[in-house]
Amino acid sequence: MGITYTAKGRDILINGGHAGYQNDVWRTWAKSQFSANSMTTPLSAETLPVTKLNRQVVKVNAEFFEFSDVPGSGISRTRGYLVLKDPDLIVSLDRATSKTAQQFQTLWHMPSDQKATVYSRTTAIAAKAGDTSRTILFQVPFRQALPAGAILIKQAQTNPIQGWHYPNIFTRNSAPTLMFARSGYSDSILSFVAPVKATGSVTYKGRWSGTTYVIDLVVAGVKTSVGITSGGALFRAA
Numbered sequence: 001m002g003i004t005y006t007a008k009g010r011d012i013l014i015n016g017g018h019a020g021y022q023n024d025v026w027r028t029w030a031k032s033q034f035s036a037n038s039m040t041t042p043l044s045a046e047t048l049p050v051t052k053l054n055r056q057v058v059k060v061n062a063e064f065f066e067f068s069d070v071p072g073s074g075i076s077r078t079r080g081y082l083v084l085k086d087p088d089l090i091v092s093l094d095r096a097t098s099k100t101a102q103q104f105q106t107l108w109h110m111p112s113d114q115k116a117t118v119y120s121r122t123t124a125i126a127a128k129a130g131d132t133s134r135t136i137l138f139q140v141p142f143r144q145a146l147p148a149g150a151i152l153i154k155q156a157q158t159n160p161i162q163g164w165h166y167p168n169i170f171t172r173n174s175a176p177t178l179m180f181a182r183s184g185y186s187d188s189i190l191s192f193v194a195p196v197k198a199t200g201s202v203t204y205k206g207r208w209s210g211t212t213y214v215i216d217l218v219v220a221g222v223k224t225s226v227g228i229t230s231g232g233a234l235f236r237a238a
């Protein structure tokens, strides 16, 4: 379910890295879903599920993939990715249902040289001081309101372990992890990851077109639109 991402000549989304071969809590974390860019369910025991590729559409300027699995007992999880080119943009739709109340946490791990700041219930920005680029991460309400604490930053935490990166097995660096959080019996987390120039911005507006939800965006001056069908498929509309 996880993804890593490079754009603008640098790492945008990373995973926790390789913590070495010793049997300790750091290796357990680095091998787990919690060190990946994925939607996690921390209240359920991790089952290392088999992931199924449901569908895919690959075009010149946009690629869509949808996966599903069963991350815990009584839990179903589906993730759709849409990766755009010109503008650079990742759209992720995480959906899950559970027979018992859960915490649903979509995690976005950023390089250790980045500082992440939450600006609102929808938006956070990660950047390295003096760099020519930054990453704008935001979530758009889709079939579910954004609760208080919908965006949290986890960094250099040890209980539970979160917010670290191993560039090699001998080095562990503090690194920001952005968490888009929900709780209950289901979730619908629509995330956007936009690497832009240091002065770049992103604006968006959502609208319904029949049974399709369309998000019209301007990413660093480039207009584009993303659609979500009633069945949860993501596509580039413009």
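Each residue of the sequence shown is one higher than the one before, starting from 1 at the first, in UniProt numbering. Here a beta-carbon is modelled for each residue, glycine too, at the ideal position from N, C-alpha and C.
Anticipated Cβ contact below 8 Å, residue i with residue j, distance rounded
i	j	result
GLN103	PRO42	5 Å
ALA175	TRP164	6 Å
GLY227	VAL218	Between VAL218 and GLY227 the Cβ distance is about 16 Å, and since that is not below 8 Å, they are no contact.
ILE90	VAL202	Not really, about 12 Å apart at Cβ, beyond 8 Å.
ARG207	LEU84	Contact flag wrong, Cβ pair sits at about 19 Å.
LEU107	THR40	6 Å
Close beta carbons around residue i, own chain, < 6 Å, minus the five adjacent residues each side
i	result
GLY200	ALA220
Chain-order list of residues whose beta-carbon lies under 8 Å from that of residue i (same chain, five-residue window excluded)
i	result
ARG27	ALA19, GLY20, TYR21
TYR185	THR97, SER98, LYS99, THR100, ALA101, GLN102
ALA127	GLN114, LYS115, SER133, ARG134, THR135, ALA198
ARG119	One point to set straight first is that residue 119 is Tyr, not Arg, in the sequence displayed. Closer than 8 Å at Cβ, skipping near neighbours: ILE125.
CB of residue i within 8 Å of CB of residue j, strictly
i	j	result
PRO167	ASP11	no
THR132	ALA124	no
THR224	PRO87	yes
MET179	GLN105	yes
ALA150	ARG172	no
ASN15	ALA36	yes
LEU82	LEU190	no
GLY80	GLY210	no
Cut-off 7 Å between Cβ atoms - residues of its own chain near residue i, not counting five sequence neighbours on either side
i	result
GLN162	PHE34, LYS154, THR177
SER188	ARG95, PHE142, ARG143, GLN144
N-terminal and C-terminal residue of the beta strand (DSSP E) that residue i is part of
i	result
VAL140	No beta strand (DSSP E) contains VAL140, which DSSP labels as neither H nor E.
ALA124	123 to 127
LYS115	115 to 118
LYS8	Note, LYS8: premise wrong, no beta strand (DSSP E); not H, not E.
VAL214	212 to 219
PRO111	That residue, PRO111, is in no beta strand (DSSP E); it is neither H nor E in DSSP.
PHE170	Unbroken run through PHE170: none, as it is neither H nor E.
LYS57	Looking at the sequence provided, one finds Val at residue 57 rather than Lys. Per DSSP, VAL57 belongs to the beta strand (DSSP E) from 52 to 58.
THR78	75 to 84
ILE3	Careful: ILE3 lies outside any beta strand (DSSP E) and carries neither H nor E.
ALA62	62 to 69
residue 244	There is no way to answer for residue 244, as the model of the chain reaches only from 1 to 238.
The alpha helix (DSSP H) enclosing residue i, as first and last residue numbers
i	result
ALA175	Premise fails: ALA175 is in no alpha helix (DSSP H) and is neither H nor E.
Backbone secondary structure at residue i - three-state DSSP
i	result
SER35	helix
ALA237	coil
VAL25	helix
residue 254	Here the chain comprises residues numbered 1 to 238, so residue 254 is not present and cannot be evaluated.
PRO42	coil
SER201	coil
GLY227	strand
ILE14	coil
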